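Order-wise, the sequence lines are chains Z and W.
Using our numbering, you'd call the opening residue of the first sequence number 391 and step up by one each time.
Using our numbering, you'd call the opening residue of the second sequence number 39 and step up by one each time.
C-beta atoms are modelled at their ideal positions from N, C-alpha and C, and glycine is treated no differently.
The structure presented is a predicted model; accordingly, all values stated were derived computationally and were not measured.
To start, the structure itself, in structure tokens.
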Amino acid sequence: MEQTNIIEFKHIHKSYDNSVFGIEDFNLEIPKGAFVTLLGPSGCGKTTLLRMIGGFEIPTGGEILLHGKNIGELPPNKRPINTVFQKYALFPYMNIYDNIAFGLRLKKLPKEEIEAKVKRVLKLVDLEGFEKRKVSTLSGGQQQRIAIARAIVNEPEILLLDEPLGALDYKMRREMQLELKRMHEELGITFIYVTHDQEEALTMSDLIVVMDDGLIMQVGSPEDIYKRPKNAYVADFIGESNIFTGFMTGEHEVTFCDTRFSCEESLEVGTKIDAVVRPENVRLGAAGTGNFDGEILTSVFKGTFYENQVQYGKFEIEARSDRMYQSGDVVGVTIASDVIHLMAYDMSKNHYQGVMNSEYQVVFEDATFTPDVTKLFPGSVLSEGVLLGRDKKKVAVDGVKVSIAFDSSDADLSDEPNTGIVNGYIASIIYKGDHYSYTVRSENDWDYYVNDDDLWNVGDYVSVIVPADKIMYQVIR
Amino acid sequence: MAFTRKQLGIPYALFLLLFVVLPLLVVFYYAFTNGSGQFTTENFVQFFTNQKAIGTLVYSAVIALITTALCLLIAYPCAYFLAKGRIPHGAAWLLILVLPMWINFTLRLTAMKEILSFLEGNLAFHPFLNTIIGMTYDFLPFMILPLYNTMEKMDHQLIDAARDLGASDAVVIWRVMIPLSMPGIVSGVTMVFLPAMTNYVVLDMMYNSTYIMGSLIGSYFSAYNWHDGSMISTVLLLLIGLMSWISKKAGADSEEGGAIL
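Next comes the structure, spelled out in structure tokens:
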């Protein structure tokens, strides 16, 4: 069967006058009839996208295609799309019947038809006989069902759900997740769901779109995203994970935690990689029986399993087990070849662009760098503070664009401001087995990626130190 | 003797008794007695059979009605845009609109008079119009404030929800915004309508020699006719009570949002 797309985002841009958050060149296709989840932390742009589909926000650039037609600037009341809002948004001065019938009455449907439809949809959400009730007499879960009923009674082509279960307690949320999935199957319309809860996304979706900072990190089925995350961010955001930095040391052979492992996946020999191993796939056994022996640091009962922290040299491994261990126990750690997922190590992260001034400094929004200009312009020499080219004439450098790059492992963090190239707040932490990978965000909203052995907290104000000889410069022509 | 929290209430109870309950009782006493101190309903009958008095009541009601309607028309969009932060420096604008309340209203009216006489040549040409302008100007802040308060608390998601369900802008205003801001409308109307019925100072200053309820009461009292003056006050009091009761009924239907009053 040919799959058709109901919604397509084409080069969507959205920026706000007084905010640094925004969306740049966003492209996505949503197949008809699917249950699609936009997943990401708050502020990643997922709600903005949903509001653009609903018509509550207008993109500053690009097109949103519904069945191939641009609806980017159509007002919400002209779209065959309905929304279930985060806080239900039921009209408090109307009873349940009037709330659900609101949209139908605006369409001027005959009274009997409205009545029949309201009745049917109330049955669908399992709240028959609630017609005359006031909104305030309903529990949160019931109100949410009514909100869903009010949206689907209009038979939209797409149902948008903006964290609809956020205000419910855990048990109710689990129940509603299954309920929503059932309704999706029963109605056969496209659901676009926004959440920051990865478990919710994995439970319900056909397709998950993992987002961060207005960018798509990965699009895939729940299984894809869990088993084959594209990068360390996705691996860390979805579920618990061990992420180790290592190298390919052979065909189907990888080395991390100072140990060689065979693995089913493979990348080019010699490349630096990030290996993902889920805690439930790390097997613990008697000492000497595994890939290496480690020492139990902690063992915590979690209901259906024990969660163990295992120390091996400078590495820390998280593993689940059926039995309890005492801290200090020595265990054999086994990681099978089919549970190691390899991701290319991302070294291209710390890349910035500056402009050279007449004092041979590279000026970038966050910092000013002083590179060795003679290396930047091959064959040139500095004579009495003036840069001369091969032809012994002064080289015009003013306004030349220069790229600045450094490896995240060459950078360090310090809590003393102004000791490094730039100051910023720690925006995220990913543990990589023997070190932490930090994202430091500067005042101007630039991100710096730093590997550091010490533990910092999100929100700490730090200075990023990079030794001058580790910064690479290149003239952009 | 042990000090209890109840004793803190004594000053307030005394104040209420001396300055609210007692004067009211005095008013009621005069309203239902004649010159020789005997009980009578004659004052009451006389008010409703006196054509001039009824005429004054109607005239006052018309002035109050127009003033209230104008205030509502001006204040509603004002309050909406201020509350929803659509205009830069909203707080400053609100202050500018409410600031006149800090200045004595006769002073404000004097300024208004100057402007009006400049525009109209002579104030005496349009006494009714000038009265309406003066009243509206005087009472506008009392309408803006309660409306602003309810609208600030209004859940914008409900407007989004209505639009999502297919409502045009007109439907949104009629079916969502007005019901949601009902508590503010009710308290705004009560705060403007009733004072507007009695505030004869505005008429005096605008050279409008027609009587309204306030001037009528004043004229009886200055002629030492306590009985008729008190009866008119009692009738007004009943009207106020009736209106508050109706507006309370109307307000009870819209539970969310709150307002001054």
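- Taking 8 Å as the CB threshold, Z:K497 lines the interface with chain W.
- Setting aside the 5 residues that flank it on each side, Z:D824 is surrounded in the same chain by K704 and F705, each with a C-beta closer than 6 Å to its C-beta; the list follows chain order.
- CA-to-CA, the gap between W:N160 and W:Y114 works out to about 32 Å.
- Excluding sequence positions up to five before and after Z:F446, its CB lies within less than 7 Å of the CB of P466, all in the same chain and listed in chain order.
- Minimum Cα-Cα distance from Z:T527 among the listed residues Z:S832, Z:T473 and Z:Y483 corresponds to Z:Y483.
- Taking C-beta atoms as the reference points, W:A99 and W:M235 count as a pair closer than 8 Å.
- From the listed residues Z:I615, Z:F682 and Z:G462, the smallest Cα separation to Z:F627 is found for Z:I615.
- Flagged as an interface residue toward chain Z: W:D198, by a C-beta distance shorter than 8 Å.
- Note that the stretch 625-640 of chain Z touches the stretch 652-667 of chain Z; at least 3 beta-carbon pairs, one per stretch, sit closer than 8 Å.
- In terms of CA proximity to Z:S611, Z:I420 leads the group Z:I420, Z:Q864 and Z:E630.
- Think of a sphere of 8 Å around the beta carbon of W:G204: the chain Z residues whose beta carbon falls inside it are N467, G493, L496, K497 and N544, in chain order.
- At least 8 Å separates the beta-carbon of W:S225 from that of W:P165.
- Taking a contact to require three or more Cβ pairs closer than 8 Å, the stretch 803-813 of chain Z and the stretch 824-833 of chain Z qualify as touching.
- Rounded to the nearest whole angstrom, the C-alpha separation of W:N88 and W:I255 is 14 Å.
- Residues of the stretch 172-194 of chain W with a C-beta atom less than 8 Å from some C-beta of chain Z are D193, listed in chain order.
- Put simply, the stretch 524-543 of chain Z does not touch the stretch 457-465 of chain Z. Fewer than three CB pairs are less than 8 Å apart.
- If you keep only unbroken beta strand (DSSP E) runs of at least 3 residues inside the stretch 688-757 of chain Z, you get 696-702, 705-711, 720-725, 731-734 and 741-746.
- Assigned with DSSP and collapsed to three states, Z:V543 falls in coil, not helix or strand.
- When beta bridges are read from the DSSP output, Z:R831 appears opposite Z:Y815 and Z:D837.
- Selection Z:F691, Z:V644, Z:S717 and Z:S656 evaluated against Z:N681 yields Z:V644 as nearest (Cα-Cα).
- When C-beta distances to chain Z are compared with 7 Å, every residue of the stretch 122-136 of chain W stays at or above that value.
- DSSP, reduced to helix, strand and coil, places Z:E641 outside both helices and strands of the structure shown, so it counts as coil.
- One alpha carbon belongs to Z:R495, the other to Z:D552, and they sit about 25 Å apart.
- With a cut-off of 8 Å on Cβ pairs, the stretch 666-676 of chain Z is in contact with the stretch 719-728 of chain Z, counting three or more such pairs.
- Within chain W, the residues D202 and L203 have their CB atoms less than 8 Å from the CB of Z:N472, given in chain order.
- DSSP places Z:S611 outside both helix and strand once states are collapsed to three, so it counts as coil.
- Only exposed fits W:A208, as fewer than 16 other CB atoms lie within 10 angstroms of its CB.
- In terms of beta-carbon proximity, Z:Y623 stays away from the interface with chain W, with every pair separated by 8 Å or more.
- The three-state secondary structure of Z:V624, taken from DSSP, is helix.
- Under a criterion of Cβ atoms nearer than 7 Å, no residue of chain W is adjacent to Z:A676; the nearest Cβ is some 58 Å distant.
- The beta carbon of Z:F581 does not come within 8 Å of any beta carbon belonging to chain W, so the residue lies off that interface.
- 8 Å or more divides the Cβ of W:L137 from the Cβ of W:G172.
- A Cβ of chain Z is located within less than 8 Å of the beta carbon of W:P217.
- Counted as a single uninterrupted DSSP element, the stretch harbouring Z:K524 is not any beta strand (DSSP E), since DSSP gives it neither H nor E.
- Taking a contact to require three or more Cβ pairs closer than 8 Å, the stretch 844-856 of chain Z and the stretch 41-50 of chain W do not qualify as touching.
- If you check each beta-carbon in the stretch 80-113 of chain W against every beta-carbon of chain Z, none falls closer than 7 Å.
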